[in-house]
Amino acid sequence: MLISFEFENFRSMKDRQSFTMEGLAMKTKTENTFEILAKDEKNYRLLKSAVIYGANGSGKTNFVLALIALRAMVVRSAFKVTGHSIRQFEPFELEEAYNQKPCRFHISFIMDDHCKYNYEVVFNDLEIILEKLDFYDGIQPSNLFERNTNGADIHEVSLGRNLKNKRISKTLFANQLYLSRFGSAEPHEHLTKIFKYFEQMELFKSLDRLSIAQLSGRIGKYMIQPENVHFSRLLSSLMNIADEGILGISADISAEEFFSIHAEDNNEELLQRPGKIRPHAERQVFNAGKATNTVNFELQKKESTGTNILFAIGGIILQTMQKGGLLVIDEFNNGLHPKLSAFLLGLFQDKKFNRYDAQLIINTHDVALLDKQMFRSDQIWFVNKDEFGVSEMYSAQDFEGVREDIPYAKWYMAGKFEAVPKLKHANKLGEDEEN
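Residue numbers (our numbering): 5 to 439.
Shown next, in the form of structure tokens:
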């Protein structure tokens, strides 16, 4: 479960930004939170969801990109060759002094062992300057590892007392994260579980048509597994709620594609080719107003963009709730009706469906969701960009006079939280050309 995420000097976020999923002690909408007693003897009240608003170009997508960058470094940097640059190094570029300053990520989370973990990474374009992993198996923190940088191509890692007697490598290239190696090259009982926390994050930036198609393939692949019958029924029910004309959802693979795969290998290869899975919507056929038959429409070929988006986003929401974990979706409002968006968010707040305390963070422009019936004030965040191109992230709780009964949408559109477009009058359009 995510507790907090800090990032600094990343894209438009020049200064340190602190985002938290820790909820305040409120009596309102307690169903939007869950509690977990960690081994540091602290009872954490965590939010099931959070929403981020901001004008176009304000930098709210950079919050998602920062998480994506951290995940990519953890999951893939073990495969980096020495001397190669770190692609995730994207410092603030509108102030010369920051071009060469390092980026910094810091994340706090709780895992199934009820231990709290703090993981920090500081890096530039060529090397990891700092990497440190602490955890709380009691009141006091214990260090698992910390790397020592000396400007050389090879870095050495100092192991904490919990790892000192383990036979694990302590050297790595300067552009690799130490945690990354435990997902592939060097499995470890404790560190590989932490690696998997990052690997299993579901992070989506601006779901375009191609991304929706790829995600639909993933959902279809998940549906055809025999153990996921309950998931398929839930997704069919969700699609029917949104469109009564859809009787059910199924997925298959074409006969040509199936027989092109060796019989002994078909299951494994099928899982690696989600694009070949074809989701279908079952619809009723009528004759003179009477139901006579059914027909299957392939989603990508015969159904609307909105139906495809609902299948993909609804599917990943249901899947995340079934297993727990973190789901982050950029531009959540794209292609979904506000009532449908609210319905999907409501599922995340409902313990009946979200049994494993999964967490959802969205960026959106949909002010219809900015409602006291949906969110508490500690779930609402904003991103604003100043005249120097610097983005700042802040909570509704940072403003005086914010109560749980205020009309959030009205306040936001009136500019009380800022983070709205600063539009000039239409008469200004083309003024520079005339002069």
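For every residue, glycine included, the Cβ atom is placed at its ideal position computed from N, Cα and C. As the structure is a prediction and not an experimental result, all values here were calculated from the model.
Following the DSSP letters along the chain, one finds V233 inside the alpha helix (DSSP H) bounded by residues 233 to 246. With a cut-off of 8 Å on Cβ pairs, the region 34 to 50 is not in contact with the region 63 to 83, counting fewer than three such pairs. CA-CA distance, I313 to A73, rounds to 25 Å.
Just measuring C-alpha positions, the residue of E248, G249, L238, G224 sitting nearest I257 is G224.
Under the DSSP definition of a beta bridge, W385 partners with I56, S399. In this structure, N367 lies away from K18, with their beta-carbon atoms at least 7 Å apart.
DSSP places N128 in the coil class of the three-state scheme, outside both helix and strand. For R213, there is no enclosing beta strand (DSSP E); the enclosing alpha helix (DSSP H) covers residues 213 to 227. Residue ranges of uninterrupted alpha helix (DSSP H) with 4 or more members, entirely inside the region 320 to 355 and ordered along the chain, are 342 to 353. Pairing L51 with L330 gives a Cβ-Cβ distance that is not under 7 Å. Of the candidates V125, S220, F139, K31, the residue whose Cα lies closest to the Cα of K43 is F139. Residue pairing from DSSP places R282 in a beta bridge opposite D256. Contact between the region 188 to 195 and the region 296 to 308 is absent, with fewer than three C-beta pairs closer than 8 Å. The DSSP-derived three-state label of V289 is strand. Taking C-beta atoms under 8 Å as the contact rule, E94 and H110 fail to qualify, at a distance of about 17 Å. As a beta-bridge residue in DSSP terms, Y48 pairs with I40. In this structure, the alpha-carbon of L181 lies about 13 Å from that of E190. A distance below 6 Å between beta-carbons, with the five flanking residues on each side excluded, links I365 to the following residues of its chain, in chain order: A54, V332. Counting other Cβ atoms within 10 Å of its Cβ, T324 reaches 16 or more and is therefore classed as buried.
With respect to the C-alpha of F208, the residue from T34, P342, I317 having the closest C-alpha is I317. Taking C-beta atoms as the reference points, K105 and N36 fail to come closer than 7 Å.
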